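With the working numbering applied, the first sequence corresponds to residues 3 to 936, in that order. For each residue, glycine too, the CB sits at the ideal point set by N, CA and C. The structure presented is a predicted model; accordingly, all values stated were derived computationally and were not measured. Here's the structure, in structure tokens; my notes come after.
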Amino acid sequence: MTQFGKGCHLHLIDGSAFIFRAYHALPPLTRKSDGMPIGAVSGFCNMLQKYVEDNAGPDAPTHVAVIFDKGSHTFRNDLYDQYKANREAMPEDLRPQIPLTREATIAFNIACKETEGYEADDIIATLACQAREAGGRVTIISSDKDLMQLVGDGVEMFDAMKNRRIDREGVMEKFGVAPDRVVDVQALAGDSVDNVPGAPGIGIKTAALLINEYGSLEELLDRAEEIKQPKRRQTLIDKREQIELSKKLVQLDCNTPLDYTLDDLEVREPDPDTILGFLSKMEFRSLTKRIADSLGADAPVIAETAPQAAPEAAAAPEFPAIDPESYTWVKTAEDLAPFIAEAHERGWVAVDTETTGLNEMACDLVGVSLCTTAGKACYIPLAHRSAATDDLFGSDDLAEGQIPMQEALDLLKPLLEDPAVMKIGQNMKYDLKVLARYGINIAPFDDTMLMSYAMHGGLHGHGMDTLSERYLSHEPIPIKSLLGSGKSMITFDRVPVADAVKYAAEDADITLRLWQIFKPQLSPKKVTRVYEGLERPLVPVLAQMEMAGVEVDRATLSRMSSAFAQKMAALEAEIHELAGETFNVGSPKQLGEILFDKMSLPGGKKGKTGAYATGADVLEDLATEHDLPGRVLDWRQLSKLKSTYTDALQEHINKDTGRVHTSYVISGAVTGRLSSTDPNLQNIPIRSEEGRRIREAFVAPEGKTLVALDYSQIELRILAHMADIGSLKQAFRDGQDIHAMTASEMFNVPMEDMTPEIRRQAKAINFGVIYGISGFGLARNLRIPRGEAQGFIDRYFERFPGIRDYMDDTVAFAKEHLRVETLFGRVINTPEIAAKGPRAGFAKRAAINAPIQGTAADIIRRAMVRMPDAIDGLPAKMLLQVHDELLFEVETGAEDDLIKAAKSVMEGAAEPVVKLDVPLVVDAGMGRNWAEAH
DNA sequence: TGATTCACG
DNA sequence: GACGTACGTGAATCAG
3 MTQFGKGCHL HLIDGSAFIF RAYHALPPLT RKSDGMPIGA VSGFCNMLQK YVEDNAGPDA
63 PTHVAVIFDK GSHTFRNDLY DQYKANREAM PEDLRPQIPL TREATIAFNI ACKETEGYEA
123 DDIIATLACQ AREAGGRVTI ISSDKDLMQL VGDGVEMFDA MKNRRIDREG VMEKFGVAPD
183 RVVDVQALAG DSVDNVPGAP GIGIKTAALL INEYGSLEEL LDRAEEIKQP KRRQTLIDKR
243 EQIELSKKLV QLDCNTPLDY TLDDLEVREP DPDTILGFLS KMEFRSLTKR IADSLGADAP
303 VIAETAPQAA PEAAAAPEFP AIDPESYTWV KTAEDLAPFI AEAHERGWVA VDTETTGLNE
363 MACDLVGVSL CTTAGKACYI PLAHRSAATD DLFGSDDLAE GQIPMQEALD LLKPLLEDPA
423 VMKIGQNMKY DLKVLARYGI NIAPFDDTML MSYAMHGGLH GHGMDTLSER YLSHEPIPIK
483 SLLGSGKSMI TFDRVPVADA VKYAAEDADI TLRLWQIFKP QLSPKKVTRV YEGLERPLVP
543 VLAQMEMAGV EVDRATLSRM SSAFAQKMAA LEAEIHELAG ETFNVGSPKQ LGEILFDKMS
603 LPGGKKGKTG AYATGADVLE DLATEHDLPG RVLDWRQLSK LKSTYTDALQ EHINKDTGRV
663 HTSYVISGAV TGRLSSTDPN LQNIPIRSEE GRRIREAFVA PEGKTLVALD YSQIELRILA
723 HMADIGSLKQ AFRDGQDIHA MTASEMFNVP MEDMTPEIRR QAKAINFGVI YGISGFGLAR
783 NLRIPRGEAQ GFIDRYFERF PGIRDYMDDT VAFAKEHLRV ETLFGRVINT PEIAAKGPRA
843 GFAKRAAINA PIQGTAADII RRAMVRMPDA IDGLPAKMLL QVHDELLFEV ETGAEDDLIK
903 AAKSVMEGAA EPVVKLDVPL VVDAGMGRNW AEAH
């Protein structure tokens, strides 16, 4: 072993630069056998190989290392929280390749070095300084200008791309100053890429001029008064602090603590088995062969997988059988360490949390399971109770074999928040919300439920059981088998830990397997953008909204409840009087028998089950014949309002927060809409005056205001755009009353003679079109004869022939592809379109409606994803989404600022991906409660 | 558990 | 020619 010193030559390779160059230079290659993205790894290996070949000559290095960044938080972030803040997130298909580039470096038998919390540049600086002091030469393989400050005294750079050495002269050329003054120039000029502020208005040229004139930055700042240009002088005086901070940011640290020395970096011969093993594992055929030749070894045979017939047919990875007995019960920190280490090494980990209930806002964490490799999963029990010896209900003592909660969380937090490790979950919103309450903010993450939703929306549900059975042919352990059901149901913390291990670890195992199947399919199925841009980023936004909740005034609801109960009792007595007997008014069956058998009213129609239909439309028709149906309608309305709203809503007021927290289901609707549950806050009454008053109970707290913003006619606007209806588009551009305009066009009535009745009919037709109009449906809606309704539709299509074309084209597309798409590329599968019989009609109308409803849903999703940044700094919170409306809570006084910011996000939400021919218009309202805000 | 009804966009 | 139909949701209730 040679002691590093005079005559030694150290090469330092900027690994991250290699990776990004490789990633961007190559098309997104995937490994044939499992679809794993490996383009960047391939490029990286080729660059390493080229490097090795090019440096075999007489000037070969004696020592070499590839240096990588590790962790995203460095001392520079502590100096300046905006450091590198506008850097784009790592592309999704690159992330899993990062650990493989480390593996590749090691396979080449080159020292692979990284230090947590330090940028590669600082490690390079430290090693270069050490080598220089030892009297050796250094070549930094990089073209990064941030490293140029190190050049000089035996240190040079080499731009592998341009095949060019960069020495003192090269640096002078670039910065106009000697290497030792480069940081001064950078401090002044700033750097938009790393978000180093610098001095506004001063670029590299000016900076070099000033430094050369004054000798150093410090001198310049001290003598700033002498500068002749007034603006420049003022900048340097005003921004002194910012410039000094910038210098600290660009100055590389030569004193990074390292747990190795230069001697450890000595050049080593590659081991043929190791490198060829790695390359064949990656399935790099030509590179494997080339390196085998150069090493004089036999190239291993790489199994030829059958070329993929269709992108959809990407072969599933080979998995070992799912075996609940194989999972690890993590009892101590030592048990946990290998799982955390492997997660770091691989760059991903599947995570699942177990809790005492399904309500994330009102349940406790019981355990966490992890899985890094299919078949290798663990469960970390945290709050299981021990089985009691003496009584039936178990004790409150903690069970044996658990790491203390806080200790385990402290171990998990760095992993779950590590930007270099992808966290994989099934319905991550749940885990995100649970762990947020324990101070852990999971990022970055993938969600198998949302991947399935993006690819398989309309085909089947996206719950884990469904996905496991469909894609893994495995039926997971039912939760019922652990918790039981009904009255005797227990909570998860009462489940014996040994049983919990099997169940919980299996969930993580299944989730990881699903991810490995789904992830490579996103791109061939062309839903990467939808998944990455619309589904996944919505998760933290919704989590915030749900955790914020909305204030609901219990007293108001309670008062309404009593009033409703009184009125109902009165109505019920009347109804019984009219019927001549007492019966359950809430029973459609009993009501039908009273109306049609006992009273022999006309129009009794029995449905599939043999019961009379007693829906609102039937009762409305009967109301002309008799008083009883009208009373029942009134009673039903009150009953609905009381049971679903004034009573149930009170149950949902959270004990801790005093607010109501709904839960949105991202994959709830096939069209891309959200759905809202527990409670559903997307169907709070508004249409009837009586129901509308329920919104008075949704209030702003003291000192705050509710602001509601809703898209005006968004679906009709989208229809006008998609079907390309010139007159409709023009009407929207002119801000006309669209229903009146439609009526005028259809019935040849001048706008000034428009009557509310004609307008109402046109409005019904406009909506009918969005739903896939039929004569029957319109007739029923407008209560006109079917022939007349058909006549309206015919005339509509005559005036707007593009609508008919749109409908025909959409159905034809659906028939051909068994799916339709929104303007943003969301896929809505429509397998039923191939059905025969009445189901075909349903499928057709659904196919016509889906792109319109779905595009509207995409637009508001985009607005929501952008909203947190747009209202950052305003004292406002986004609380609710109701399909085309967003509800905010804002400190009184800041309403106008909020409306301005939020409105502009909403109105511009389609751009830049989609340029609509019609403007999107958002109406705003505000008030102390939701009724006023509307 | 399924059907019915009705609240919303 | 007959059939059955507006699109998308969730919750409460009855009845089996």
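Q.
If you follow the alpha helix (DSSP H) that Lys47 is in, where does it begin and where does it stop?
A. Mapped onto the first sequence, residue 47 falls at position 45. One point to set straight first is that residue 47 is Cys, not Lys, in the sequence displayed. According to the DSSP assignment, Cys47 belongs to the alpha helix (DSSP H) that extends over 41-56.
Q: Could you tell me whether the Cβ atoms of Leu514 and Trp350 are closer together than 9 Å?
A: Taking the first sequence and counting its residues from 1, one reaches residue 514 at position 512. Taking the first sequence and counting its residues from 1, one reaches residue 350 at position 348. Their beta carbons are under 9 Å apart, which means Leu514 touches Trp350 by this criterion.
**Q.** Nearest candidate by alpha-carbon position, reference Ala618, set Lys608, Asp398, Glu336, Leu635
**A.** Within the first sequence, the letter at position 616 stands for residue 618. With respect to the C-alpha of Ala618, the residue from Lys608, Asp398, Glu336, Leu635 having the closest C-alpha is Leu635.
(Q) To the nearest angstrom, how far is the alpha carbon of Pro101 from that of Cys365? (A) The count along the first sequence starts at 1 and reaches residue 101 at position 99. The count along the first sequence starts at 1 and reaches residue 365 at position 363. Near 36 Å, if we compare the C-alpha coordinates of Cys365 and Pro101.
(Q) Please tell me whether Ser470 and His464 are closer than 9 Å, where the distance is taken between their beta carbons. (A) Mapped onto the first sequence, residue 470 falls at position 468. Mapped onto the first sequence, residue 464 falls at position 462. It is not a contact, given that the beta carbons lie outside the stated cut-off.
Q. Which residues does DSSP pair with Arg661 in a beta bridge?
A. To locate residue 661, count along the first sequence from 1; it is residue 659. Looking at the DSSP output, Arg661 bridges to Glu553.
Q. Taking just the CA atoms, how far does Trp637 sit from Met570?
A. To locate residue 570, count along the first sequence from 1; it is residue 568. To locate residue 637, count along the first sequence from 1; it is residue 635. Taking the straight line from one Cα to the other gives about 6 Å.
Q.
Can you give me the C-alpha to C-alpha distance between Pro877 and Met866, rounded to a whole angstrom?
A. Taking the first sequence and counting its residues from 1, one reaches residue 877 at position 875. Taking the first sequence and counting its residues from 1, one reaches residue 866 at position 864. Approximately 17 Å between the Cα atoms of the pair.
Q. For Gly488, is the classification buried or exposed, using 16 other Cβ atoms within 10 angstroms of its Cβ as the cut-off for buried?
A. In the first sequence, residue 488 corresponds to position 486, counting from 1. With fewer than 16 other Cβ atoms within 10 Å, it is exposed.
Q | CA-to-CA distance, Gly427 to Tyr455, given in whole angstroms | A | Taking the first sequence and counting its residues from 1, one reaches residue 455 at position 453. Taking the first sequence and counting its residues from 1, one reaches residue 427 at position 425. The alpha-carbon atoms of Tyr455 and Gly427 are separated by roughly 14 Å.
Q | Delimiting residues of the alpha helix (DSSP H) encompassing Lys521 | A | Within the first sequence, numbered from 1, the residue matching residue 521 stands at position 519. That run of the alpha helix (DSSP H) goes 499-524.
Q) Does the region 246-260 touch the region 114-132, meaning 3 or more C-beta pairs lie closer than 8 Å? A) Enough Cβ pairs lie closer than 8 Å, so yes.
(Q) Using the Cβ count rule (16 or more neighbours within 10 Å means buried), how would you classify Pro853? (A) Residue 853 sits at position 851 when you count from the first residue of the first sequence. Buried, because 16 or more other Cβ atoms sit within 10 Å of the Cβ of Pro853.
Q) Short check: CB of Ile324 to CB of Asp511, under 9 Å? A) As a working note, residue 324 is residue 322 in the first sequence. As a working note, residue 511 is residue 509 in the first sequence. Between Ile324 and Asp511, the C-beta spacing is below 9 Å.
Q: Look at the Cβ atom of Val179, then the Cβ atom of Ala201, and state whether they are nearer than 9 Å.
A: Position 177 of the first sequence holds residue 179. Position 199 of the first sequence holds residue 201. Ala201 is positioned such that its CB atom lies no closer than 9 Å to that of Val179.
Q.
Please report the straight-line C-alpha distance between Lys608 and Thr530, rounded to a whole angstrom.
A. In the first sequence, the residue the question calls residue 608 occupies position 606. In the first sequence, the residue the question calls residue 530 occupies position 528. Here the alpha carbon of Lys608 sits roughly 49 Å from the alpha carbon of Thr530.
(Q) Can you list, in chain order, the residues of its chain with a C-beta nearer than 7 Å to that of Asp398? Leave out the 5 residues immediately preceding and following it. (A) The residue you call residue 398 lines up with position 396 of the first sequence. Close CB contacts of Asp398 within its chain, under the 7 Å cut and outside five residues either way in sequence, are with Arg387 (chain order).
Q. Name the DSSP bridge partner or partners of Cys10?
A. The residue you call residue 10 lines up with position 8 of the first sequence. In the DSSP output, where bridge partners are listed per residue, Cys10 has none listed.
Q. If Tyr329 and Asp196 are in contact, beta carbons under 8 Å, what's the gap, nearest whole angstrom?
A. Within the first sequence, residue 329 is the residue found at index 327, counting from 1. Within the first sequence, residue 196 is the residue found at index 194, counting from 1. 44 Å between Cβ atoms; not a contact.
Q. For Glu118, which option in Glu402, Ala42, Asp810, His346 has the closest C-alpha, if you only look at C-alpha atoms?
A. In the first sequence, the residue the question calls residue 118 occupies position 116. The residue with the shortest Cα to Cα distance from Glu118 is His346.
Q. Could you give the C-beta distance for Ala904 and Arg864, rounded to a whole number, given that I count them as a contact under 8 Å?
A. Within the first sequence, the letter at position 902 stands for residue 904. Within the first sequence, the letter at position 862 stands for residue 864. That pair is no contact at about 13 Å.
Q.
Whole angstroms are fine: how far does the CA of Phe20 sit from the CA of Asp155?
A. Numbered from 1 along the first sequence, position 153 holds the residue referred to as residue 155. Numbered from 1 along the first sequence, position 18 holds the residue referred to as residue 20. So the alpha carbons of these two residues sit roughly 25 Å apart.
Q. Are there three or more Cβ pairs, one per stretch, closer than 8 Å when the region 792-800 is compared with the region 642-659?
A. Segments in contact, no.
Q) Any idea which residues DSSP pairs Thr355 with across the strands? A) As a working mapping, residue 355 is identified with position 353 in the first sequence. Val370, per the DSSP bridge assignment.
Q: Could you work out which residue in Ala572, Leu630, Thr355 is closest to Ala506 when comparing CA atoms only?
A: On the first sequence, residue 506 is found 504 positions in, with the first residue counted as 1. Of the candidates Ala572, Leu630, Thr355, the one whose C-alpha sits nearest the C-alpha of Ala506 is Thr355.
Q) Which two residues bound the contiguous beta strand (DSSP E) that contains Ala878? A) Counted from its first residue, the first sequence places residue 878 at position 876. Where Ala878 is concerned, the enclosing beta strand (DSSP E) stretches over 878-883.
Q: Provide the residue(s) that pair with Ala379 in DSSP beta bridges, ordered along the chain.
A: Taking the first residue of the first sequence as 1, we reach residue 379 at position 377. In the DSSP assignment, the residues bridged to Ala379 are Cys373.
Q: With DSSP collapsed to three states, give me the class of Cys365.
A: Reading the first sequence from its first residue, position 363 is the one you call residue 365. Reduced to three states, the DSSP call for Cys365 is coil.
Q) If you draw a straight line from the alpha carbon of Leu825 to that of Leu718, how long is it in whole angstroms? A) Residue 825 sits at position 823 when you count from the first residue of the first sequence. Residue 718 sits at position 716 when you count from the first residue of the first sequence. Spanning the two alpha carbons is a distance of roughly 14 Å.
**Q.** Nearest-angstrom beta carbon gap, Leu580 and Val587 [assumed within contact, 8 Å]
**A.** Position 585 of the first sequence holds residue 587. Position 578 of the first sequence holds residue 580. So it is not a contact: roughly 11 Å between Cβ atoms.
Q. Which residues mark the beginning and the end of the beta strand (DSSP E) in which Lys706 is found?
A. Against the first sequence, residue 706 aligns to sequence position 704. Per DSSP, Lys706 belongs to the beta strand (DSSP E) from 706-713.
Q: Determine the extent of the beta strand (DSSP E) in which Val915 is found, giving its start and end residues.
A: For the purposes of this step, residue 915 is taken as residue 913 along the first sequence, with counting starting at 1. That residue, Val915, is in no beta strand (DSSP E); it is neither H nor E in DSSP.
Q) Span of the alpha helix (DSSP H) holding Leu129? A) Position 127 of the first sequence holds residue 129. For Leu129, the uninterrupted alpha helix (DSSP H) segment begins and ends at 122-135.
Q | Buried or exposed (CB count within 10 angstroms, at least 16 for buried), His11 | A | Taking the first residue of the first sequence as 1, we reach residue 11 at position 9. Result: buried.
Q: Taking only the alpha-carbon atoms, compute the straight-line gap between Phe110 and Leu297 and give it to the nearest angstrom.
A: Taking the first residue of the first sequence as position 1, residue 110 is located at position 108. Taking the first residue of the first sequence as position 1, residue 297 is located at position 295. Looking at the backbone, the Cα of Phe110 and that of Leu297 are separated by about 12 Å.
Q: Throw me the rounded Cβ distance for the Ser677 and Val662 pair, which I believe falls under 8 Å.
A: In the first sequence, counting from the first residue as 1, residue 677 sits at position 675. In the first sequence, counting from the first residue as 1, residue 662 sits at position 660. At roughly 16 Å, the Cβ-Cβ gap does not stay under 8 Å, so Ser677 and Val662 are not in contact.
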